[in-house]
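One structure is given here, and the rest of the page talks about it.
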Amino acid sequence: MNSRQRVLSAINHQQPDRVPIDLGGTRQSGIAASTYHALKQRLGINTPTQIFDCYQMLAEVERPVMERFGADIIGLNRPQVAFGIDNSDWKPWTLFDGTPVEVPGGFHPVTEPSGDLVLMRDKAPIARMPKNGFYFDRLEKYPGAAHLPVAEVNPPLMSSELAEHYRCHAEALWQNTDFAIVAPMGPPYELFFGLGTGDFSAWMMTLATEPDYVDELLGKLTDLWITNLSRFADAVQDRVPILQICDDFGMQHAPFLSPKMFRERIMPFYQRGIRWIHENTEMKVLLHSDGALRTLIPSLIEMGVDILNPVQTSADGMDGAELKAEFGSQLVFWGGSLDCQHTLPFGTIDEVVAEVTKHVSAFAAGGGYVFAPVHNIQASVPIENMIAMYDTAIAVG
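Letter 72 of the sequence shown, counting from 1, is numbered 539 in my numbering, and no numbers are missing.
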């Protein structure tokens, strides 16, 4: 099987020749630029390390690295991945830890007296990276947090220029690679978590006490989402088999909201958008949502989600074998490699091998599984552990 065939087999609940691998296919399965640069040095690859996501400081994973680790997934991203900065006109820059990288030409952080880095837009700060930090914290507030009148919430629709970008790049990836393409195309703002950015507590109170406002707001965002989905589908045709949406419903020990509130306030709007996807395209819907989601999974399946990522197996109720047994016939699992907060950054190689072996064995039987890190591989993760993670997945999958 080539990569595209392998992934399509897995997401259609068929057994591929080996478990498909995702390294850098999404902005939630990527790798911090400093770790990536160290990995390339270990592999003897001397190309510049480019940061394509200036928010999370993620590296663009290059073809030789993808081939070394058996990667089967490639992302179709916007030309402006973060903060409205075009990924073009690359220039040299240096991370706090001394790692040499390249960043987009429009990336111009201001260094404050404290040593913090601040990104500005229209003379207002929009993001901050603390001195010696690894990524930016967003300072902007989304409409729901500010409780704007719905009439004043006007996210941009997909332009003809952006649609043409998607058309050209989808065609290039389809013709020039055999990777399976995944594209992020969720609502203009995440319908739950994104609307709380800046003042999450206020948004949660609004969610609980003002159902009419919430319904009107999410209804408008869903309308805009479906318009964008239509333009996107027209542009990419049948080149993109997987469409990703992102919204974080879970914490370490429980969801942020009860299944009842999820089903009443959030689910109907995502369900409407996902229904449009399934009725008008052949794309599978991949939901990225961290945390303890066990009690929400039946609703996610009913909502239309085909694939769940990152499968945070260290969160409460997220045991891999139990999830596969209970939901494996209805849901594809994408991630679930090992504990990204403890084993990957702090465990021994033997512990990494043992945990990856356990999880792949639990998820991979019968298809319905794509191996990926449980969220991005962070700065300072030992290179030996990362290599062991992917090598073990290929060996046992």
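Beta carbons: idealized from backbone N, C-alpha and C, even for Gly. All figures in this text were calculated on a predicted structure; none of them were measured in a lab.
| query | result |
| --- | --- |
| Paired residues, beta bridge with L525 - DSSP | A499 and D520 |
| Start-end ranges of the beta strand (DSSP E) lying completely within the stretch 554-619, minimum 3 residues | 558-561, 567-570, 584-588 and 591-596 |
| At least three beta-carbon pairs within less than 8 Å, the stretch 654-664 to the stretch 705-721 | yes |
| Cβ shell of A477 (< 8 Å), same chain only, five flanking positions each side left out | P483, V486, P487, V799, G834, G835, Y836 and V837 |
| G771 CB to nearest heavy atom of the ligand MG below 7 Å | As for the ligand MG, it is missing from this structure, which has no ligand bound. |
| Nonlocal neighbours in the same chain, by C-beta distance under 8 Å from R730, ignoring five residues either side | S766 |
| Of the listed residues K558, H575, V577 and F563, nearest to E569 (C-alpha basis) | K558 |
| Neighbour-count burial assignment, K639, 16 or more Cβ in a 10 Å radius | Checking the sequence shown, residue 639 turns out to be Ala, not Lys. It is exposed - the Cβ of A639 has fewer than 16 other Cβ atoms within 10 Å. |
| Nearest-angstrom Cα separation, counted from Y602 out to F563 | 10 Å |
| Between the CA atoms of G787 and V475 - distance to the nearest angstrom | Residue identity check: residue 475 is Leu in the sequence provided, not Val. Rounded to whole angstroms, L475 to G787 spans 22 Å at the Cα level. |
| Cutoff 6 Å; reference H755; Cβ partners in own chain excluding five residues on either side | Q495, C713 and N776 |
| Limits of the unbroken beta strand (DSSP E) element including P651 | A647 to P651 |
| Nearest-angstrom Cα separation, counted from G784 out to L760 | 8 Å |
| Beta-carbon gap between D489 and W743 smaller than 8 Å | no |
| Three or more C-beta pairs below 8 Å linking the stretch 494-508 and the stretch 521-528 | yes |
| C-beta contact flag for F736 and L685 at 8 Å | yes |
| Residue from R545, P651, L510 and Q547 whose Cα sits closest to the Cα of E529 | L510 |
| DSSP beta-bridge partners of N776 | H755 |
| Straight-line gap, A899 to D666 (C-alpha atoms, nearest Å) | Since the first residue of the chain shown is 468 and the last is 864, residue 899 is not available in this structure. |
| Helix, strand or coil at V820 [DSSP, three-state] | helix |
| Cβ pair Q704, A782 closer than 8 Å | no |
| Best match in F699, P708 and T566 for proximity to A630 [C-alpha to C-alpha] | F699 |
| Distance between P546 and I512 (C-alpha atoms, nearest Å) | 26 Å |
| Own chain partners of C807 with C-beta closer than 7 Å, once the 5 adjacent residues on each side are dropped | P840, V841 and H842 |
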